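Heads up: the structure comes next, in structure tokens.
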Amino acid sequence: MKLLNRSLIYLSVAFLFIIGIWAVIFYFNLKDEIRDSIDDGLDNNRLLILQKIGSDPHLLQQNRFGGNNFEIHPLSRQKALGFRDVYKDTLMYRLNEGDLEPVRILHTAFSHNDEYYRLKIISSLVEEDDLIEDSFWSVVWLFIILMFSVVVINNVVLRKVWNPFYEVLDRLKTYRLDKDDYPLDIATKTKEFRELQKASNALIMHARESYNSQKQFTENASHELQTPLAVITNKLELLLESDHLKEADAQSIAAILRTVGQLTKFNKSLLLLAKIENKQFDAPEQISINGLLRHILADFREFAEFRNIRISIKEAGNLSVDMDSVLAGLLISNLLKNAIVHNSDPGKINLGITDEELIICNSGNKNRLAPEKIFERFHKDTDKNQGTGLGLAICRSICDFYGIPLTYRFVENEHCFTVNFKKIISKV
Amino acid sequence: MKILVIEDEKDLRETLVESLLKELYVVETAGDFKSALEKISIYDYDCILLDIMLPDGNGLNLLARLKELGKSGNVIIISAKDSLEDKVSGLALGADDYLTKPFHIAELNARIKAVIRRNNLNGKNSIEIGNLILDIDERTLLIAGETLYLNRKEFDILSFFLLNKNRLITKTSLAEYVWGDQIDQADNFDFIYYQIKNLRKKLQESRADVSIESIYGVGYKLVEK
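Protein sequences, first through last, are from chains A and G.
Heads up: the first sequence at position 272 corresponds to 272 in the working numbering, and the numbers run straight through without jumps.
So the working numbering is basically just the index in the second sequence, starting at one, shifted up by 1000.
Okay, here's the thing in structure tokens:
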């Protein structure tokens, strides 16, 4: 839920309570006030009536309300002395409304010429249900108007106020440690957002430092391993030349040597990956993929023949790209090597070049490979081959470096790898 | 032939010396920049193996010093760094070759001989052993005066063997020399065997004075009959 809507919900609930309680209190206060003033009016009427009776005793005969708003009945002395003034709400039939309507009534007693009388005075009262209904609708309207203003204020003012926050958020969402090397710099005077920006920048800086040192570490570690590997390799090679070696010992040494060889390969590949990621190959030149493919293919020819793999090539277009020559060579030779090593015997490789794509399809395992896994480092489908598991990871790293897609498909029992060079095609 | 090994890592230095002595070179060593500078200033060498990362100085400065002294040196840089810039600046400063650690002994032997031969040209660049004459520039092979046709890879294999006469060549080092990084897996050694078999057959049929022997199934050795 968006921040704006969330504050809206809290505000509306709070408003509902506050206005509701306020409305109830207001209603009762108003009602009390009205009664007070009516009662005062009734008391005043009483005095006026008593005055009138002094000058016009006929009024004492008024024992029905009729057109007047009072009636008088004689009362025994005893009762009259014990009488207390009472203000009461009651219902009375009203002609104009044609219904019983609430009225305020004053019961009182007085004496005139030693006779005792009871006096009832009425005054029409505000209709309570009308009052409730009216105030209810006023409150509803108040609520609606308030909420509407809040929505408008939220959307116009708050959105403007929160704008730097959303900007920071957008920038953080798209931030790439390996690509972006600028700090966030969004103009805002709000203290909290400045702090948020400061904290984000500190975090980015820290993350980038770790990222760089990790990148650097891989490269340094790989470098430091080269000399010890050279010592081991060369010492073992010399040992194998010794005249006093038993056959079994020689086999053991050869096995160690092969393992060291794998280790060396592995180390080289890791170093290569680190270098690609550290952008140490960045000397783009115009390279013909057609020419490069044929050149690399020549190196593989005998090996492919030996493995009974038939290679066919279909050049539907001329593909010329701007790429570092080392990386271009690595990309194609790793893809080709992959196609040969994971092929069946006998097998086939179909190569295709279009105006923007290089497609390498090979027969082999009859099952589709998991596309999300094969490009991962150290992924091996079987343990039959002793590769480093880094070949396709290197390919992907190179393609990522140039931002070109490398995709895998399984079509008609063939594993197809496609590189789309569209983004780096030479413009000549 | 006199060779100077400039390498700070003692184990590697000793190993290189041991191997070079087998090739009957006269070998001297330097373990740091200072002693290396002293030696190159006083003596002349047919080849210098130079580690450019020395504890007390950059090996590239030694190259510059050699140039100042007007000595060619036939320098092969051996470095743990496989960076293009180092390679380019090393070669620009007059180095003859650049070898990245770790390397195979057979590879180093081939490079040393190639460098020495290239710079001591007495007319032609060829290897002669027994009745074989391998012309490196023309890429031709004569056996007892008759041309034997070899394909590109067979030529590379044979030249690698001739440059490492009487030395063990492991299958891995052969694969790397001839096919680069392409054929690098142990289960592809059958392929190497198949290639050697073909070459052996050709040499035998032409009555060459050399043969390729199998050593413990680990590698091969070319010997003169």
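The C-beta atom is built at its ideal place from N, Cα and C for all residues, glycine as well.
Source: prediction; values computed, not measured.
Item: Every unbroken beta strand (DSSP E) within the segment 88-162 of chain A, with a cutoff of 3 residues, ordered by chain; Value: 99-112, 115-124
Item: Inter-residue CB distance, residue 1006/G and residue 1036/G (contact presumed, cutoff 8 Å); Value: 4 Å
Item: Where residue 1220/G falls: helix, strand or coil (DSSP); Value: strand
Item: Cross-strand partners of residue 1213/G (DSSP beta bridge); Value: 1221/G
Item: Rounded distance between the beta-carbons of residue 1213/G and residue 1129/G, thought under 8 Å; Value: Residue 1129/G to residue 1213/G, Cβ: 15 Å. No contact.
Item: Spatially closest choice to residue 85/A from 107/A, 101/A, 66/A, by CA coordinates; Value: 107/A
Item: Interface flag, residue 1041/G vs chain A, CB-CB below 7 Å; Value: no
Item: Bridge-paired residues (DSSP) for residue 323/A; Value: 285/A
Item: Cross-chain neighbours of residue 226/A in chain G, by beta carbon under 7 Å; Value: 1080, 1101, 1102
Item: Interface flag, residue 1012/G vs chain A, CB-CB below 7 Å; Value: yes
Item: Interface residues of chain G facing residue 251/A [CB-CB closer than 9 Å]; Value: 1216, 1217, 1218
Item: Paired residues, beta bridge with residue 74/A - DSSP; Value: 117/A
Item: Delimiting residues of the beta strand (DSSP E) encompassing residue 347/A; Value: 347-353
Item: Simplified DSSP assignment, three categories, for residue 1135/G; Value: strand
Item: Cβ shell of residue 1111/G (< 7 Å), same chain only, five flanking positions each side left out; Value: 1076, 1097, 1099
Item: Helix, strand or coil at residue 244/A according to DSSP, with G and I counted as helix; Value: coil
Item: Straight-line gap, residue 47/A to residue 72/A (C-alpha atoms, nearest Å); Value: 14 Å
Item: Contact with chain G by residue 261/A, beta-carbon distance below 7 Å; Value: yes
Item: Residues that DSSP places opposite residue 1203/G in a beta bridge; Value: Paired residue(s): none; residue 1203/G is not in a bridge.
Item: Chain G within 7 Å of residue 254/A, Cβ atoms only; Value: yes
Item: Per-residue DSSP class, three states only, for residue 414/A; Value: strand
Item: Closest residue to residue 432/A among 65/A, 120/A, 83/A (Cα-Cα distance); Value: Not covered by the structure: residue 432/A. The range shown for chain A is 1 to 428.
Item: C-alpha gap between residue 230/A and residue 1019/G, whole angstroms; Value: 13 Å
Item: Cβ pair residue 1171/G, residue 1143/G closer than 7 Å; Value: no
Item: Where residue 159/A falls, given that 16 or more other Cβ within 10 Å makes a residue buried; Value: exposed
Item: Listed by chain order, chain A residues near residue 1018/G by CB distance under 7 Å; Value: 238
Item: CA nearest to the CA of residue 1217/G, picked from 425/A, 249/A, 176/A, 218/A; Value: 249/A
Item: contact_flag[the segment 272-288 of chain A, the segment 313-331 of chain A] where n(CB pairs < 8 Å) is 3 or more; Value: yes
Item: Reference residue 35/A, options 123/A, 45/A, 403/A, 77/A, closest by Cα; Value: 123/A
Item: Segment contact, 8 Å Cβ cut-off, at least three pairs: the segment 336-349 of chain A with the segment 307-319 of chain A; Value: yes
Item: Three or more C-beta pairs below 8 Å linking the segment 140-147 of chain A and the segment 77-91 of chain A; Value: no
Item: Where residue 220/A falls, given that 16 or more other Cβ within 10 Å makes a residue buried; Value: exposed
Item: Amino acids of chain G, ordered along the chain, whose beta-carbon sits closer than 8 Å to that of residue 293/A; Value: Ordered by position in chain G, no residue passes the 8 Å Cβ test against residue 293/A, which lies about 14 Å from the chain.
Item: Test: residue 308/A CB closer than 7 Å to a CB of chain G; Value: no
Item: Identity of the residues DSSP links to residue 1030/G by a beta bridge; Value: 1006/G
Item: Cutoff 7 Å: residue 432/A Cβ touching any chain G Cβ; Value: Here chain A comprises residues numbered 1 to 428, so residue 432/A is not present and cannot be evaluated.
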